[in-house]
Amino acid sequence: MTSKKDRSVAALPDAAVRRRRVTGVVAGLALAAALTATAVPAVAQGQGSDKSASGHSAQHHYPSPLQVTSAYYASYNGDLAAGFDRYISKDLVLHGFNGPEQREDWIKGDLNIKAGLKGFKMTVLDQIVEGDKVVTRWSFSGVHTGTVFGIPASGRDVTLSGISIDRVMNGQSVEHWSEGNFGRFLDELRGVSDPGSATPSTK
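Heads up, the sequence shown is in this note's numbering, so the first residue is 10 and it goes up one at a time.
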């Protein structure tokens with residue numbers, strides 16, 4: 010026995026039946042597209058889930074590369090040791106001023122500089138993000154009132170500026186490059202050069 014709906018479809022011309030079927034397909038595709046559109050932002054924001062061995066889903070939320078580097082450089086004006094431990098990976102690959110160095114040497118040197126400069130202040134001048142890498146142009150300054158790298162206090166205003174690149178994964182810098190006027194900074198500490206000549210442009 011045929012239903013009323015079946016009889017009405019059978020009575021339609023072939024073209025009308027084809028249009029109705031096409032309309033149904035289009036509606037189905039539109040629904041699929043809408044579902045996909047609602048799912049994509051969650052993945053794009055890093056809110057996807059990974060299946061664990063137990064079959065339960067585990068979510069990982071990490072700050073963006075820009076957030077990581079901004080927080081790290083801000084820690085120079087606060088608790089640098091804590092910032093370093095939080096945002097610099099234990100497995101860091103380091104390319105310092107003098108080529109590859111050790112992670113421990115980096116934090117030891119920067120803590121020595123900070124302790125030796127009264128009124129120490131780190132300023133981030135620019136940051137540029139490209140994928141998982143962040144380029145940071147920075148400068149710090151202070152009055153040389155303590156021993157820095159074996160150089161006794163001179164009472165001079167000194168400045169060190171440079172550009173660093175951090176490759177960030179899972180909320181930490183896993184690779185770091187730095188370039189700067191370190192030689193001139195040491196000359197300033199020794200009283201060899203004019204401190205004003207090392208001040209970077211903020212433009």
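Ideal Cβ placement from N, Cα and C applies to all residues, glycine included.
Keep in mind it's a predicted model, so treat the numbers as computed, not measured.
Span of the beta strand (DSSP E), counted from its first residue to its last, around residue i
i, result
"Ala112", "Per the sequence presented here, residue 112 reads as Arg, with Ala not at that position. Taken as a continuous stretch (DSSP letters only), Arg112 belongs to no beta strand (DSSP E), being part of the alpha helix (DSSP H) at Arg112 to Gly125."
"His185", "Gln181 to Gly189"
Straight-line Cα distance separating residue j from residue i
i, j, result
"His185", "Ile122", "19 Å"
"Val144", "Ser163", "32 Å"
"Val177", "Leu103", "13 Å"
"Glu139", "Gly192", "29 Å"
"Asp135", "Gly87", "20 Å"
"Ala83", "Met131", "8 Å"
"Asp94", "Gly151", "24 Å"
"Val133", "Asn179", "23 Å"
"Lys142", "Gly189", "18 Å"
"Ser148", "Gly118", "16 Å"
"Gly92", "Gly200", "31 Å"
"Asp175", "Tyr85", "16 Å"
"Gly105", "Arg165", "25 Å"
"Leu126", "Asp196", "15 Å"
Residue i: first and last residue of the uninterrupted alpha helix (DSSP H) it sits in
i, result
"Thr78", "Pro74 to Ala83"
As assigned by DSSP and simplified to three states, the class of residue i
i, result
"Asp196", "helix"
"Asp166", "strand"
"Phe158", "coil"
"Gly151", "strand"
"Asp135", "strand"
"Asp94", "helix"
"Phe129", "strand"
"Val201", "coil"
Cβ neighbour criterion (16 or more within 10 Å) applied to residue i
i, result
"Leu120", "exposed"
"Gln111", "exposed"
"Val77", "buried"
"Tyr71", "exposed"
"Phe158", "exposed"
"Ile137", "exposed"
"Pro109", "exposed"
"Ser61", "Annotation note: pLDDT 44 at Ser61 (below 50); position unreliable, coordinate value reported separately. That one is exposed."
Own chain partners of residue i with C-beta closer than 8 Å, once the 5 adjacent residues on each side are dropped
i, result
"Phe194", "Val167, Thr168, Leu169 and Ala207"
"Lys99", "Arg112"
"Leu89", "Ile116, Asp119, Leu120 and Lys123"
Same chain only: Cβ atoms within 6 Å of residue i, ignoring 5 sequence neighbours per side
i, result
"His65", "Because His65 sits at a pLDDT of 47, beneath the cut-off of 50, its placement in the model cannot be relied upon, and the point is left open."
Contacts around residue i, its chain only, beta-carbon distance under 7 Å, and the 5 residues preceding and following it disregarded
i, result
"Leu198", "His153, Val157, Ile160, Ser163 and Val167"
"Tyr96", "Val77, Ala80, Tyr81, Gln181 and Ser182"
"Ala2", "Given a span of 10 to 212 for the chain in the structure shown, any question on residue 2 remains unanswerable."
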